[in-house]
Structures are given as C-alpha cells and as structure tokens.
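Visitor:
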Amino acid sequence: SQQGEEDPQALSIQEGENATMNCSYKTSINNLQWYRQNSGRGLVHLILIRSNEREKHSGRLRVTLDTSKKSSSLLITASRAADTASYFCATPTTTSGTYKYIFGTGTRLKVLA
Amino acid sequence: DVKVTQSSRYLVKRTGEKVFLECVQDMDHENMFWYRQDPGLGLRLIYFSYDVKMKEKGDIPEGYSVSREKKERFSLILESASTNQTSMYLCASSLPLNRGSYNEQFFGPGTRLTVL
C-alpha cells in the first residue's frame, strides 16, 4: 500500500470556501511535500514542510504536520475555480538503501464558480 | 524558467511494438525519474537515475527499461508494448535526494500512451 494516502478522494466546494485535504503516512519522515496536478498535466510542487515544523504558510495555502499522528493537512483558503486540480502528498522512504519519494493517490478538488 | 519536456503528449502504439519515451531537462539535475499514473493507483515509480549511465529499479520496472547516456536526457523503453501498459507516463527531475536534502521534483507535462 502507499506510504502516503490522501483523504478525501474527491472534494467539491463553492468558490470562496476553504478546502481541506489530509494525508496519512506509515513510517517516520523528515519532510513531507504537497504537489498539485491540473487535469492531464504534470505535477507542480506547492510546499514542503519539515518534521520539526508544525505549520507552514504559502499564500492561500496552509500546511500542518502532526508527526505523532503521522498525518498532514493542506488547507486552501478562499478557493478559486483555478484551484480545481488533484493534490498529492509525497513522503520520503528508503528502500534497499535508496532514498526516494512515494506519492499518494491524490485528492481531486473541484471548485464551482 | 526550469523545464522538463517530454517528446510526445499523446502516443498510440500497437501491441508488440517497441516504444521510446523521451524526457529532457534543462536544470542540470542529477536525478531523473519515470512514473506511470493510473486512476486509483496514483503515481508509481518505474525507474530512476541518479547519474549518467546509472539507473535504479523503482516499484514497477517489469516490462520497461531505461537509458541515460547524457545528463539532460532520460529515456523510457517499452521493449514489447502490451495493453496493460496503457497509461499516463510522467518524467521528473531533481537535485540529489538524500536524508539531508529535501529537493522538490520538477515534472514534465506527461505522455498519454495507448497500446492497442
């Protein structure tokens, strides 16, 4: 199963509302990243939070990290139609001595105008 | 502006054909990655490379091979395409990944491959 799993799988909100999506992971991490993917396109890095940080802001984005619960949340405030996309968390893992990132299955966000 | 480009946005091939997917990055990144993305399964790592001529298997390497002869270019090869390889293929690059660095990955626009 995935190292990081997003919840909910899909979310539909009205423009101007806040959108919250969550990511749970299984093993200890030193950082967690969030990415956005517009329909049929590549992923774009949004924000990184380190394990010694509890909260981080970037514009309308707010990310929290709770290492005791092995979970992170991404909050998008005052959502816009342009925020319609899929959002993925990525967490590091080491397999056979190789350090790499594992992506979750994503949350599909639809913002209705 | 940093850029990762992929040779095709859409590709249609027949079962048994040899397929080449090309990826080029202009950021002088050491690491390059190939993922496939399928509904409900998210992104799965096929292969990655941390240096020229170096490669490592990802989580689902079966049926694929890769080539990295130059730092900027990373090719994914389907030796004999099969219908279960119909998918979206995403290339990415980054600075070195290790426990002490938290480098982001830069993605190309993706290639949607259909194998008939």
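Residue numbers (the working numbering), protein chains in the order written: chain A, 27 to 139; chain B, 1198 to 1313. Here a beta-carbon is modelled for each residue, glycine too, at the ideal position from N, C-alpha and C. A quick note: this is a predicted structure, and the numbers were derived from the prediction, not measured.
#1: Use the C-beta contact count for F114 of chain A: other C-beta atoms within 10 angstroms, 16 or more gives buried, fewer gives exposed.
#2: Comparing the CB of T117 of chain A with every heavy atom of the ligand FAD, is any distance shorter than 8 Å?
#3: Are three or more beta carbon pairs between the segment 1211–1221 of chain B and the segment 1261–1279 of chain B nearer than 8 Å?
#4: Which whole runs of the beta strand (DSSP E) in the segment 1213–1263 of chain B are 3 residues long or more, in chain order?
#5: Would you kindly check if the distance between the Cβ of N1228 of chain B and the Cβ of P1293 of chain B is under 9 Å?
#6: Can you check which of these residues, B:D1223, B:G1239, B:Q1222, is closest to A116 of chain A by C-alpha distance?
#7: Between the alpha carbons of S1290 of chain B and G68 of chain A, how many angstroms are there, rounded?
#8: Taking DSSP as the reference, what is the three-state secondary structure of T1280 of chain B?
#9: Note down, in chain order, each residue of its chain lying with its Cβ closer than 8 Å to the Cβ of Q28 of chain A, except the 5 sequence neighbours on either side.
#10: Along the beta strand (DSSP E) that carries A36 of chain A, what are the first and last residues, could you check?
#11: Under 8 Å Cβ to Cβ from D1235 of chain B, same chain only, skipping five residues before and after it: list those, please.
#12: Pick helix, strand or coil for A107 of chain A, following the three-state DSSP scheme.
#13: Compare the C-beta of Q28 of chain A against all C-beta atoms of chain B and say whether one is closer than 9 Å.
#14: Helix, strand or coil: which one does DSSP assign to T131 of chain A?
#15: Alpha carbon to alpha carbon, how far is K1250 of chain B from S1264 of chain B?
#16: By DSSP's criteria, I75 of chain A is part of a beta bridge. Which residues make up the other side?
#17: Out of curiosity, what's the CA-to-CA distance linking R1270 of chain B and E43 of chain A?
#18: What did DSSP end up calling E30 of chain A once you bin it into helix, strand or coil?
#19: Mind listing which residues of the segment 1244–1262 of chain B have their C-beta closer than 8 Å to chain A's C-betas, in chain order?
#20: In this structure, what does DSSP give as the bridge partners for Q63 of chain A?
#21: Using the beta-carbon of each residue, which ones in chain A are nearer than 8 Å to R1301 of chain B?
Guide: Once the coordinates are examined:
#1: buried
#2: The ligand content of the structure shown is nil, which means the ligand FAD is not present either.
#3: yes
#4: 1216–1222, 1228–1235, 1239–1248, 1251–1254
#5: yes
#6: B:G1239
#7: 12 Å
#8: helix
#9: Since pLDDT at Q28 of chain A reaches only 44, below the 50 mark, its modelled position is unreliable, and the value read off the structure follows with that caveat. I128, F129, G130, T131.
#10: 36–40
#11: R1241, S1284, M1285
#12: helix
#13: Because the pLDDT at Q28 of chain A is just 44, under 50, the model does not fix this residue reliably, and the value given afterwards should be weighed accordingly. So yes, Q28 of chain A belongs to the interface.
#14: coil
#15: 7 Å
#16: A:L58
#17: 42 Å
#18: According to the sequence as given, residue 30 of chain A is Gly; it is not Glu. Strand.
#19: F1245, E1253, G1255
#20: A:L69, A:S112
#21: Strictly speaking, residue 1301 of chain B in this sequence is Glu, with Arg absent from that position. Residues of chain A passing the Cβ test: Q59, H71, L74.
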